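These notes are about the structure you will find just below.
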Amino acid sequence: MSFLTLSGLVKRFGSTTVVHGFDLAVERGEFISLLGPSGCGKTTVLRMIAGFETPSAGHIIIDGADITRKRPAERNVGMVFQAYALFPNMNVADNIAFGMKIANMPQAAIEARVTEMLALIKLPDLAKRYPYQLSGGQQQRVALARALAVKPQVLLLDEPLSALDAKIRVSLREEIRALQQELGITTIFVTHDQEEALSMSDRVVVMNDGRAEQIGTPHMIYNHPKTRFVASFVGTLNMLEAQVEDPANGIITLAGHRVRVASGLDRLPPSASCMVALRPEALAINPAEPAANALPCTIVDVQFLGAIVRIKARCGDHILSVDTFNQTGAPAWSRGDAIALHFNSDEIVVLA
Amino acid sequence: MSFLTLSGLVKRFGSTTVVHGFDLAVERGEFISLLGPSGCGKTTVLRMIAGFETPSAGHIIIDGADITRKRPAERNVGMVFQAYALFPNMNVADNIAFGMKIANMPQAAIEARVTEMLALIKLPDLAKRYPYQLSGGQQQRVALARALAVKPQVLLLDEPLSALDAKIRVSLREEIRALQQELGITTIFVTHDQEEALSMSDRVVVMNDGRAEQIGTPHMIYNHPKTRFVASFVGTLNMLEAQVEDPANGIITLAGHRVRVASGLDRLPPSASCMVALRPEALAINPAEPAANALPCTIVDVQFLGAIVRIKARCGDHILSVDTFNQTGAPAWSRGDAIALHFNSDEIVVLA
Amino acid sequence: MRESRIGAWIAMIIGTLYFLLPLIATFEFSLRLKRGEYSFEAYRVVFSDPRFRDSFSYSVTQALATIAVGLIIVVPTAYWVRLRAPQLRPLIEFITLLPLVIPAIVIVFGYLRIFNSSSLIPLTDTSLGTDALLMFGYVTLALPYLYRAIDTGLQAIDVRTLTESAESLGANTFTILAHVILPNIRAAVLSGAFLTFAIVIGEFTFAALLNRPAFGPYLQLIGANRAYEPSALAIMAFLVTWACMGLMQLFGRGVRMPATDTR
Amino acid sequence: MRESRIGAWIAMIIGTLYFLLPLIATFEFSLRLKRGEYSFEAYRVVFSDPRFRDSFSYSVTQALATIAVGLIIVVPTAYWVRLRAPQLRPLIEFITLLPLVIPAIVIVFGYLRIFNSSSLIPLTDTSLGTDALLMFGYVTLALPYLYRAIDTGLQAIDVRTLTESAESLGANTFTILAHVILPNIRAAVLSGAFLTFAIVIGEFTFAALLNRPAFGPYLQLIGANRAYEPSALAIMAFLVTWACMGLMQLFGRGVRMPATDTR
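Here it is as structure tokens:
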């Protein structure tokens, strides 16, 4: 049986239902991300696990014990907030020690654990500093240490990186992931940033409108989105309308061109319309080795974004976005150039 | 002579100097971005052009007229702020008309111009809406229309996209650039986002600590950064220490391997140390065609970021970051794999 | 969670009783003018007293003048402090808090000393001059509330960006204040005005010391000489202030009411 | 820019004169007890009056009791409202503003009516009971200032996140209030306390109507019977309140003073 089980969780605020029958089974030591736009209910799910919201229906079970109705203080759950939420009147050591003092741990044990936690977050010399003397990244690491000090069964992270600068965000997310793997602590991470979710998690739950749209590994979520919402929310992509030509052999027509599709056509009748998705980075311009499919296009715009050069190309009525790396060897495309976009048949996703 | 000239601009607040002798010559119709981290003085330069700050020294000349000491209301300069700054008590039409009413334009002319501006920002039906009824993106377009309605000589944009959601930010930046090119208005754009600066501008001014570090086209700034600051601020990159071996033939030693460098070694003596920069996307893993240089490495980490898979590889004491597209055909790398990183000799930048 | 909720409800109930009990007791007493039955006789007596009508209308006039002068002083000051001298805000707040803690008696003694018949500006020589002096006293008294209300209103809008937007579109300071700032702090201005109104209507010390026929001293006079009428008057004063507070809440919470003209 | 700056300076100067002139005039007058020379004779007379010392210490005691009771009522309420019932904030603010606009006379009449000798709780029968009644009246009077100060303090910290952090670390409500919330609003608590102190010291109506030997009625008594001493007293009252305000500013601005113990 799984370590943390959410079954049929429902949360209503007045007449609006923000979480509709949410189910999730998390293994011990797993890192799960709840990913979705604001208002999708991801934070509400997290707050129900923490005990700050009481579910309108459903159960929360940790390690076999039903904690659905327990008060936050009675749960053994650590929480890190977006706003760093360190106690401003206490120094770093006292912040980390807070939960242990509440639990009446002996002073010597507390001190040892504080030292251990400070080493873990790589801030061994900052024990006497006050929160206002720390940078945002340091504060968030202390908040993490404070939550971990009491050895919680589950660690909950509520957008802990959102308030930080871009560069610190990237380095801290790598640190958090390393720490989580080192301690083997079961972790639920809430974020609206797809890159964070994909890079940190064992599994990602993509949420929309209070429901889980898809649960899977980052690779599955990104490369095999099940719904249109998942496809468009996780990464940018070209969404195109196509006609089914020969479902048995996986052939569709895209802007008048025959295109071979690896899967997803079984349920569709011939000459039906369908939506297909193509990721901008899956397209290759005039490659040396031709791929299974090729679409002749005309370049309508070239945007230099730094590492990536984004090319917009017209194919019939469709405008396709193509990403290429800015490399010295690469040809310099310009508006009006005629090109062929190649892609493999398994890069094209037929959406439900 | 250039249309807008900033010469020797200095701004002190008390004893701190936030802008040190800033020079810039902007051609008529040019789109210039001031790019830099917060506190680099970019906003102060913009506010001096608008007249909200008085320079401690230096001159601001627009179309031959020195406006250094003029009050904001006497300058013919349009400004768009990060906070949308629409007048909450006026509807969209009245907001756009405000400047023209101040200028005592006849009512009929004002109405015609308002209609024209609403068509320009593609919101022809929202004339009677109030700001609080608009989305952030719509508000910012109205703010743009309000600034442009009085036909300013120069348009100033102070991080106009920072408060918007990621997707709207991208679409609005394309719209602003198209509008600017259509009207041919001289524009100064302040941002801390390198992608915005690179994708929108004719030229980019990278600022650091109140000084212009480098002024050039987006391509020059990104591919040929002059200083270490520019290289690290514009994009992410691998910064490595190397030894000069044979400056005449452009040979350096990197982690014990001989590497050919296209340029930048002329000033350095043999066996000197130097810093070189390599962009993560310039490196190819075991490519079909070998490039000029190759470094044998071991993979230490693989991060799945969605469109991009970031691989960290160890070469001697150096850890190199390598970006590859997530493509179905690409091999799935994992920790411990031995690979060779190939790159051309003109991809390596020797920093001053 | 539950324990704190119960404690807080108890605190709130005590707080409410604090205000409701005296009010109910006063109301009940005010109905007992006729022996053995409840009646509104005390209210009838009060309304038919011409001194009641005179003093009430005098105080209303004073209140309106106080509001006008107070706004002319406070709005530009609060705006300017927010815009150009935010570092002065603690000082200004300190100054505007002074009338709360300087006993009214000090202010009045001072004014009498400055403006008496033998001074350079002998305001107290004429009845109109004394009225003006009283009004300025009220402005002082209302300053803390007026300033706080306006400042809170200004806090809710982005004064600096709005001002700079308007400046770069060619507007001068007067246009900005009249067409950009004021329409957007209307609710705060009204809220401050109603509070000022309520304060002036109930004020006693100033009016008594300057010997003006205001509502406060009339209340005191009746209170000293009658039994039931003072309770009736107190209830009426409460209703007037309640109405003011209600209007304040209404405008404070009200939807943004847009002005259609921009000049 | 320049025009608005000048206008604002003028407004500020007028505002300052508003307070300074009466003060200076009063001070000057207080020095003229001895004919033909300036002296502090009036102050000496005041200080040597035992009624001055008695009434002043009575009022100080009242002020301290008011502060204690006020804080016990206000801190948990304001905390709970911010945390669990933010939708009640307008209502609570409205209630706490009531004492500002209900004439003091209504409140006192009501209290006398409820707690007189023939009532269920005959507080006014004993001197201690009346003292308690007066203190509760002062709590009412101080409520708006105390609530605003505490609420502003709570606004500056992230009450909800701090509470939830502490809760998930196992803390109960009392621990959270005592060790997480209170230490972080110390400045606000002190500021509210000093303001309350200043108000109670200068209060007249309540004390006079309940016939308690407080400082306010003593001030009034001297004011009615002497010429120069009232000015001296007024100046002293001003200095006391000034000191309170100064302390308020000091603590309001003061650096965060950390507590070392967490339990």
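Chains as they are written, first to last, in the working numbering: chain A, 3 to 354; chain B, 3 to 354; chain C, 1228 to 1490; chain D, 1228 to 1490. Where a beta carbon is used, it is the ideal one built from N, C-alpha and C, also for glycine. Here the structure is a predicted model, which means the values were calculated and not measured.
Outcome for residue i when other beta-carbon atoms lying within 10 angstroms are tallied against a minimum of 16
i: residue 124/A; result: exposed
i: residue 1405/C; result: exposed
i: residue 1401/D; result: exposed
i: residue 237/B; result: buried
i: residue 1423/C; result: buried
i: residue 1461/C; result: buried
Proximal residues of chain D, C-beta to C-beta of residue i below 9 angstroms
i: residue 104/A; result: 1393, 1396, 1397, 1398, 1399, 1402, 1489, 1490
Reference residue i; option with closest CA among the options
i: residue 1373/D; options: 1412/D, 1391/D, 1284/D; result: 1412/D
i: residue 1361/C; options: 1441/C, 1319/C, 1383/C; result: 1441/C
i: residue 274/A; options: 257/A, 249/A, 280/A; result: 249/A
i: residue 1357/D; options: 1369/D, 1342/D, 1368/D; result: 1342/D
i: residue 345/A; options: 126/A, 288/A, 276/A; result: 288/A
i: residue 154/A; options: 129/A, 176/A, 52/A; result: 52/A
i: residue 1366/C; options: 1394/C, 1378/C, 1420/C; result: 1420/C
i: residue 1391/C; options: 40/B, 327/B, 48/B; result: 48/B
i: residue 304/A; options: 291/A, 81/A, 328/A; result: 328/A
Cα-Cα separation, residue i to residue j
i: residue 4/B; j: residue 260/A; result: 54 angstroms
i: residue 314/A; j: residue 181/B; result: 18 angstroms
i: residue 219/A; j: residue 202/A; result: 11 angstroms
i: residue 17/B; j: residue 58/B; result: 12 angstroms
i: residue 1489/C; j: residue 96/B; result: Residue confidence for residue 1489/C is low, a pLDDT of 32 falling below 50, so the modelled location carries little weight; the figure read from the coordinates is stated next. The straight-line gap from Cα to Cα measures roughly 7 angstroms.
i: residue 258/A; j: residue 266/B; result: 51 angstroms
i: residue 317/A; j: residue 243/A; result: 12 angstroms
i: residue 189/A; j: residue 26/A; result: 13 angstroms
i: residue 1277/D; j: residue 94/A; result: 54 angstroms
i: residue 1312/C; j: residue 160/B; result: 23 angstroms
i: residue 230/A; j: residue 272/A; result: 21 angstroms
i: residue 194/B; j: residue 170/B; result: 17 angstroms
i: residue 40/B; j: residue 168/A; result: 13 angstroms
i: residue 50/A; j: residue 99/A; result: 25 angstroms
Chain-ordered neighbours of residue i on chain B, where CB pairs are closer than 7 angstroms
i: residue 327/A; result: 283
Residues that residue i bridges to, as DSSP identifies them
i: residue 243/B; result: 277/B
i: residue 209/A; result: 214/A
i: residue 80/A; result: 157/A
i: residue 314/A; result: 303/A, 323/A
i: residue 248/B; result: 253/B
i: residue 13/B; result: 21/B
i: residue 6/A; result: 28/A, 64/A
i: residue 344/B; result: 286/B, 296/B
i: residue 191/B; result: 35/B, 159/B
i: residue 262/A; result: 253/A
i: residue 59/B; result: 12/B
Chain B residues whose Cβ lies nearer than 8 angstroms to that of residue i
i: residue 306/A; result: 200, 201, 220, 221, 224
i: residue 1440/C; result: Result: empty, since nearest Cβ-Cβ is about 41 angstroms, beyond 8 angstroms.
Chain A residues whose Cβ lies nearer than 7 angstroms to that of residue i
i: residue 1389/D; result: 87, 89
i: residue 184/B; result: Neighbours of residue 184/B on chain A: none; closest Cβ ~15 angstroms, over 7 angstroms.
i: residue 1313/D; result: Chain A residues near residue 1313/D: none, gap ~14 angstroms exceeds 7 angstroms.
i: residue 1407/D; result: 89
i: residue 1251/D; result: Those within 7 angstroms of residue 1251/D in chain A number zero; the least Cβ separation is about 42 angstroms.
Chain-ordered chain A contacts of residue i [CB-CB under 8 angstroms]
i: residue 237/B; result: 308, 309
i: residue 196/B; result: 308
Neighbouring residues, chain A, relative to residue i (Cβ below 9 angstroms)
i: residue 1378/D; result: Within 9 angstroms Cβ-Cβ: nothing; residue 1378/D doesn't reach chain A, min ~18 angstroms.
Under 9 angstroms by beta carbon: chain C residues contacting residue i
i: residue 80/B; result: 1395, 1396
i: residue 233/B; result: Going along chain C, no residue has its Cβ under 9 angstroms from residue 233/B, so there is no contact; the nearest lies around 35 angstroms.
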